[in-house]
Amino acid sequence: DAMVIQNPRYQVTQFGKPVTLSCSQTLNHNVMYWYQQKSSQAPKLLFHYYDKDFNNEADTPDNFQSRRPNTSFCFLDIRSPGLGDAAMYLCATSRGSGRALNEQFFGPGTRLTVL
Amino acid sequence: SQKIEQNSEALNIQEGKTATLTCNYTNYSPAYLQWYRQDPGRGPVFLLLIRENEKEKRKERLKVTFDTTLKQSLFHITASQPADSATYLCALVVDTGNQFYFGTGTSLTVIP
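Chain order of the listed sequences is W and F. Residue 69 is where the first sequence starts when you use the working numbering, and the numbers rise one by one after that. Residue 1484 is where the second sequence starts when you use the working numbering, and the numbers rise one by one after that.
Quick look at the structure:
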């Protein structure tokens, strides 16, 4: 089945120690997204890629970076995790604007714990 | 500032009744609006979308309305079942079509 895969499902890191979360998709979608979701809160859009075109949200901290080396993979790098960065990180894909009305397909998420 | 607000409290209803969830927004001009379901510890799953020029959409037991004057969408689940218990999120999609902004969600519990 075509899907969005996130690894690992659970990640524990230490305060200040860089961490990378990964996402892959078999849907061949143009757009990939990263969201941060804290308990009982809305998923917050961090950034998205339309193909190789990177789009950062204005309020996304510089501590968060992303890479998309090819259509299938996208990475979220947290350069110096703080306690406030503990959250569920959701990856999603969509076909992209101009291709009918978009829906997003989400991965299962990676729960990040910062010690 | 931009806001997307959903029912502030959890919603508990009796099985078989209709659940109505609200999504209100300010300072957005959405091209369309979507509703997602999220189960604990999992990613959201798409349910329905409605365009800005549509008043109502239906899919099986689900119905969505969209009033751009009131800046509000209502999401209805008719003949609710315990399996409908989850958190429901509305998402606004702005003009570019690629940016999605989510509400905080409403937790629905359907009591047998």
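Here a beta-carbon is modelled for each residue, glycine too, at the ideal position from N, C-alpha and C. None of the values given here were measured: they were computed from a predicted structure.
For residue i, which residues in the same chain have their Cβ closer than 6 angstroms to its Cβ, ignoring the five residues on either side in sequence?
| i | result |
| --- | --- |
| N1510(F) | Q1485 |
| N1581(F) | none |
| Y117(W) | M100 and R136 |
| S92(W) | I73, S140 and F141 |
| D145(W) | T88 and Q133 |
Note down, in chain order, each residue of its chain lying with its Cβ closer than 8 angstroms to the Cβ of residue i, except the 5 sequence neighbours on either side.
| i | result |
| --- | --- |
| F1583(F) | Q1517, A1574, L1575 and V1576 |
| F174(W) | V72, L158, C159 and A160 |
Between the options, which has its C-alpha nearest residue i's C-alpha?
| i | options | result |
| --- | --- | --- |
| I1496(F) | T1587(F), G1586(F) and A1566(F) | A1566(F) |
| A160(W) | T128(W), Q105(W) and Y101(W) | Y101(W) |
| E1543(F) | K1554(F), C1506(F), F1558(F) and R1534(F) | F1558(F) |
| P149(W) | S162(W), E125(W), D130(W) and N170(W) | D130(W) |
| A155(W) | N98(W), P86(W), Y103(W) and K85(W) | Y103(W) |
| S1563(F) | E1537(F), K1546(F) and I1533(F) | K1546(F) |
| A1514(F) | K1554(F), T1592(F), P1595(F) and T1561(F) | K1554(F) |
| D127(W) | K120(W), D121(W) and K112(W) | K112(W) |
| F1585(F) | S1556(F), I1594(F), V1593(F) and P1595(F) | S1556(F) |
| F143(W) | S108(W), L114(W) and S162(W) | L114(W) |
| S1512(F) | R1541(F), V1593(F) and I1487(F) | I1487(F) |
Might you give, ordered along the chain, the residues of its own chain that have their beta carbon closer than 7 angstroms to the beta carbon of residue i, omitting 5 neighbours on each side?
| i | result |
| --- | --- |
| P76(W) | T178 |
| T139(W) | N96 |
| R167(W) | A caution first: R167(W) carries a pLDDT of 45, below 50, which makes its placement in the model unreliable, though a value can still be read off. Cβ neighbours of R167(W) beyond the five flanking positions: none. |
| V11(W) | The structure shown does not extend to residue 11(W), since chain W spans only 69 to 183, so no value can be given for it. |
| G1588(F) | Q1489, Q1521, T1570, Y1571 and L1572 |
If you measure from the CB of residue i, is any heavy atom of the ligand NAD nearer than 7 angstroms?
| i | result |
| --- | --- |
| T1570(F) | Absent from the structure shown: the ligand NAD. Ligands present: none. |
Less than 8 angstroms between the CB atoms is what I'm expecting for residue i and residue j, so what's the real figure, rounded?
| i | j | result |
| --- | --- | --- |
| L1591(F) | L1494(F) | 5 angstroms |
| E1659(F) | T1552(F) | There is simply no residue 1659(F) to check, as chain F begins at 1484 and stops at 1595 in what is shown. |
| I1560(F) | F1549(F) | Going by Cβ atoms, the distance from I1560(F) to F1549(F) rounds to 17 angstroms, so no, they are not a contact pair. |
| P1595(F) | E1492(F) | Between E1492(F) and P1595(F) the Cβ distance is about 21 angstroms, and since that is not below 8 angstroms, they are no contact. |
Short of 7 angstroms Cβ to Cβ, which residues in the stretch 103-116 of chain W face chain F?
When CB distances to chain F are screened at a threshold of 7 angstroms, the residues of the stretch 103-116 of chain W falling below it are Q109, A110, P111, L113 and H116, in chain order.
(request) Pull out every residue of the stretch 76-97 of chain W whose Cβ sits closer than 8 angstroms to any Cβ of chain F, in chain order. (result) none
*Against chain W: residues of the stretch 1572-1588 of chain F by CB proximity under 8 angstroms*: Shown in chain order are the members of the stretch 1572-1588 of chain F whose Cβ falls below 8 angstroms from a Cβ of chain W: L1572, A1574, V1576, T1579, G1580, N1581, Q1582, F1583, Y1584, F1585, G1586, T1587 and G1588.
- Query: Residues in the stretch 116-141 of chain W with C-beta within 9 angstroms of chain F's C-beta atoms, listed in sequence order?
  - Reply: H116, Y118, N123 and E125
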